[in-house]
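Have a look at the structure below, then the notes.
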Amino acid sequence: MKNWNTLEADIDLIMNTHYTPGRNGRRIDKVIIHHNAGNLTIRGCHDVWQTRPASAHYQVQTDGRIGQLVWDRDTAWHAGNFAANTTSIGIEHADASSNPWAVSEACLDNGAHLVAAVCKFYGLGRPQWGKNVFGHKDFSPTACPASLAGSQHTAYMARAQSWYDQMTGSAPAPAPATPNIDALADAVIRGEYGNGDERKRRLGANYAAVQQRVNEKLSGNASALKPAGPNIDALADAVIRGDYGNGEERKRHLGANYVAVQQRVNEKLSGNASALKPAGPNIDALADAVIRGEYGNGEERKRRLGANYVAVQQRVNEKLSGNASALKPAGPNIDALADAVIRGEYGNGEERKRRLGANYVAVQARVNAKLGY
3 MKNWNTLEAD IDLIMNTHYT PGRNGRRIDK VIIHHNAGNL TIRGCHDVWQ
53 TRPASAHYQV QTDGRIGQLV WDRDTAWHAG NFAANTTSIG IEHADASSNP
103 WAVSEACLDN GAHLVAAVCK FYGLGRPQWG KNVFGHKDFS PTACPASLAG
153 SQHTAYMARA QSWYDQMTGS APAPAPATPN IDALADAVIR GEYGNGDERK
203 RRLGANYAAV QQRVNEKLSG NASALKPAGP NIDALADAVI RGDYGNGEER
253 KRHLGANYVA VQQRVNEKLS GNASALKPAG PNIDALADAV IRGEYGNGEE
303 RKRRLGANYV AVQQRVNEKL SGNASALKPA GPNIDALADA VIRGEYGNGE
353 ERKRRLGANY VAVQARVNAK LGY
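Residue numbers (this note's numbering): 3 to 375.
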């Protein structure tokens, strides 16, 4: 944030649709937190919400950067409950990992700091779960905010309360804890602290110790100051998580390690770690990636999947129908199709009607119910 006290975000990227101007005469009395169910940037959230009826006031990226997408004075569509929307600030958090979902340390800390700042700015009092801070699932039938109401919940709320105490002067600022060098090194490897001078600036006095630990982790040798060589397996995992981008960007980031890392990525995604070239694509993994939206729609999906398109699309259909054993499901899974519509996979208007066919009315009704309309 540029200014926690005035709620000035690092970047303002304001939506021009899918929110309600004003607050319907109601006042803000709570914060509702969400997770992306993916690792989205501020721009990524903006672009998704421009094409489907949803939005939130803030997005916290994996690197901790915060963007404002709907002004606080307006009503974002985030809780699936219009009354709750009119009285809340919605904060989205990017996931650094899945299966299980988890946010990064930087995202957790700045998300909690933002909760504290909102509570202070609007006079809501010290952050307290179930009183002035809630999860999306408290208002809609969903698992959101995943880890922030589960494995990372205690840490998140403790951090929010600590930040609130520091911001209001209600408790002395604690002496800085000894940094967790190992956790910081993991965050660096995931790409959360950038490179070069940016990394030095953000790590500050911890830079030397963290960089040494990074070198050790990537070399696979925790006792050496300088690695004998890169940890190809760890780099491949980072590529699969999306930490190194695609195409030329990936080549540039990986440098001399590109060929070895890309080969390892291919092996991991094929399910065959022993072969230089996989015997065949992992259709199940590709189908999961399609369902997550990583291969786009229509012609883009066909182009990117190439010869695998038919097999992958069939597997996608099976997964979304809830029947993985049959080529054609006995009947559509309306709930899964509604989720896919909300993710933007079926377009809008006439395109959505055309693609959903006879299921359109049932699916649209389920979408409306999920979004609180």
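Cβ atoms here follow ideal geometry from the backbone N, Cα and C, with glycine treated the same way. Computed from a predicted structure; not experimentally measured.
Contacting residues, own chain, Cβ-Cβ under 6 Å from residue i (five flanking each side not counted)
i: P229; result: In this predicted model, P229 has a pLDDT of only 38, less than 50, meaning its place in the structure is not dependable; the value taken from the coordinates is given anyway. Cβ within range, chain order: N217, L220 and S221.
i: L186; result: V212
i: I234; result: A262, V263 and R266
i: H255; result: Y246
i: T156; result: none
i: Y209; result: K202
i: G295; result: R345
Whole-Å CB distance - residue i paired with residue j, under 8 Å assumed
i: V314; j: V343; result: Contact flag wrong, Cβ pair sits at about 20 Å.
i: H48; j: C146; result: Not really, about 19 Å apart at Cβ, beyond 8 Å.
i: W165; j: A207; result: The Cβ separation is near 21 Å, so there is no contact.
i: D97; j: N41; result: 6 Å
i: S106; j: A189; result: 6 Å
i: Y21; j: A78; result: 5 Å
i: W6; j: M169; result: 7 Å
i: T89; j: R128; result: That belief does not hold up - the Cβ atoms of T89 and R128 are roughly 19 Å apart, past 8 Å.
i: I35; j: H95; result: 7 Å
i: V120; j: I91; result: 5 Å
i: K139; j: A151; result: 7 Å
Residue closest to residue i, alpha-carbon to alpha-carbon, out of the options
i: A108; options: Y260, Q154 and E301; result: Q154
i: V33; options: A340, N182 and I93; result: I93
i: R45; options: G152, V72, N335 and G359; result: V72
i: H59; options: G27, R28, L9 and S99; result: L9
i: S99; options: T77, G127 and S149; result: S149
i: E347; options: N26, R29, D12 and R54; result: R54
i: D31; options: H255, W79, G24 and N87; result: N87
i: A287; options: E301, Y297, G300 and L271; result: L271
i: A162; options: T144, L116 and A151; result: L116
i: I285; options: N319, T43 and A240; result: N319
i: D12; options: W79, Q70, K372 and A151; result: Q70
i: D239; options: G249, R306 and I191; result: I191
i: R357; options: G308, L307, R305 and N299; result: N299
i: K321; options: G351, E301, R303 and D290; result: D290
i: N101; options: R317, R243 and S57; result: R243
i: L110; options: G137, Q130, W131 and T64; result: T64
Residue i - DSSP class collapsed to helix/strand/coil
i: I30; result: coil
i: K330; result: For K330, the pLDDT reaches just 39, beneath the cut-off of 50, and the residue's location in the model is therefore unreliable, although a value from the coordinates is still provided. Reduced to three states, the DSSP call for K330 is coil.
i: V190; result: helix
i: N5; result: strand
i: W79; result: coil
i: H384; result: Here the chain comprises residues numbered 3 to 375, so residue 384 is not present and cannot be evaluated.
i: E296; result: coil
i: S57; result: coil
i: E347; result: coil
i: D290; result: helix
i: S221; result: helix
i: L278; result: Low per-residue confidence applies at L278: pLDDT is 34, beneath 50, and the placement is therefore not dependable, though the value from the model is reported in the following sentence. Correct three-state label for L278: coil.
i: D382; result: Residue 382 is absent from the model: the chain starts at 3 and stops at 375.
Beta-carbon proximity list for residue i, same chain, < 7 Å, skipping 5 on both sides
i: N112; result: V62, G66 and I68
i: A114; result: Y158, R161, A162 and W165
i: K372; result: G82, S142, A340 and I344
i: P178; result: Confidence is the limiting factor: at P178 the pLDDT is only 49, short of 50, which leaves the residue's position unreliable and the question unanswerable from this model.
i: S57; result: M17, H20, Y21, W51, L71, V72, A78, W79 and H80
Limits of the beta strand (DSSP E) - the one that residue i falls within
i: S323; result: Unbroken run through S323 is the alpha helix (DSSP H), Y311 to S323; no beta strand (DSSP E).
i: G92; result: S90 to H95
i: V105; result: Premise fails: V105 is in no beta strand (DSSP E) and is neither H nor E.
i: V62; result: Y60 to V62
i: G69; result: I68 to Q70
Boundaries (first-last residue) of the alpha helix (DSSP H) holding residue i
i: E250; result: G249 to L256
i: R141; result: Note on residue identity: the sequence assigns Phe, not Arg, to residue 141. F141 -> no alpha helix (DSSP H), and no H or E assigned at all.
i: Y158; result: H155 to T170
i: R266; result: Y260 to S272
i: W51; result: I44 to T53
i: D337; result: I336 to I344
i: R128; result: Careful: R128 lies outside any alpha helix (DSSP H) and carries neither H nor E.
i: L150; result: First-last for L150: undefined, no H or E at that position.
i: E200; result: G198 to L205
i: R243; result: I234 to R243
Cβ shell of residue i (< 8 Å), same chain only, five flanking positions each side left out
i: N361; result: P334, I336 and L339
i: R204; result: Y195 and G196
i: D184; result: R215
i: K4; result: E10, A11 and D12
i: D76; result: Y21, T22, P23, G24 and R25
i: W103; result: H37, A39, D97, A148 and S149
i: K304; result: Y311
i: S172; result: R128 and Y166
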